[in-house]
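See below for the structure under consideration.
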Amino acid sequence: MSRDNRASRVTEMVGRYAFRSAAFLFGFAVLQWFAFTGFWLGSQPIIILAFFTILDAIAYPAFALFSLVAVLAQLRPWRFTWHPWAGLLLMVGGAFFIVDALLTGFAK
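In short: position in the sequence shown from 1, add 2, done, that's the working numbering.
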């Protein structure tokens with residue numbers, strides 16, 4: 003009898019949720035980047051910047067860890083889907099946007 007090479011339902015579900023949360027945070031990071039580098043919020047939105055700095059410092063490591071766990075869950079049985087890998091890639095890309103947005107915002 004051959005072995006089923008598909009990922010389990012739980013692994014697929016965790017991977018899909020990792021991708022969805024990463025896609026949301028990536029969109030949020032791009033929105034912050036446009037807001038802080040394009041000066042949409044005025045000359046010095048320090049309170050808003052401080053709030054988003056705290057929010058990003060909590061959310062990004064937590065969801066990046068979630069995406070990493072989803073990727074690692076697929077490595078043991080060697081059953082791969084694209085969702086967790088794309089989620090991890092979105093988290094890395096979003097981190098670059100966040101760093102640039104916050105540095106630009108605080109450097110004004």
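Quick reminder that beta carbons are idealized off the backbone N, C-alpha and C, glycines included.
The alpha-carbon of ARG81 is positioned some 46 angstroms away from that of ILE48. Of the residues assessed, ILE60 falls on the exposed side of the cut-off, its CB having fewer than 16 other CB atoms within 10 angstroms. Using a Cβ distance threshold of 8 angstroms, PHE68 and LEU27 do not count as a contacting pair. Taking every protein chain shown into account, the CB of PHE99 has 16 or more other CB atoms within 10 angstroms, so this residue is buried. Each residue's CA atom was taken as its position, placing GLU14 and TRP42 some 39 angstroms apart. Judged by beta-carbon spacing, GLY89 lies beyond the 8 angstroms limit of ALA31, meaning their Cβ atoms are not closer than that value. Our two residues, PHE36 and ALA103, have alpha carbons roughly 8 angstroms apart in a direct line. Here ALA20 is buried. Its C-beta has 16 or more other C-beta atoms within 10 Å. Taking 8 angstroms as the cut-off, the beta carbon of LEU70 is found no closer than this to the beta carbon of PHE108.
Taking all protein chains shown into account, PRO63 has fewer than 16 neighbouring C-beta atoms within 10 Å of its C-beta and is therefore exposed.
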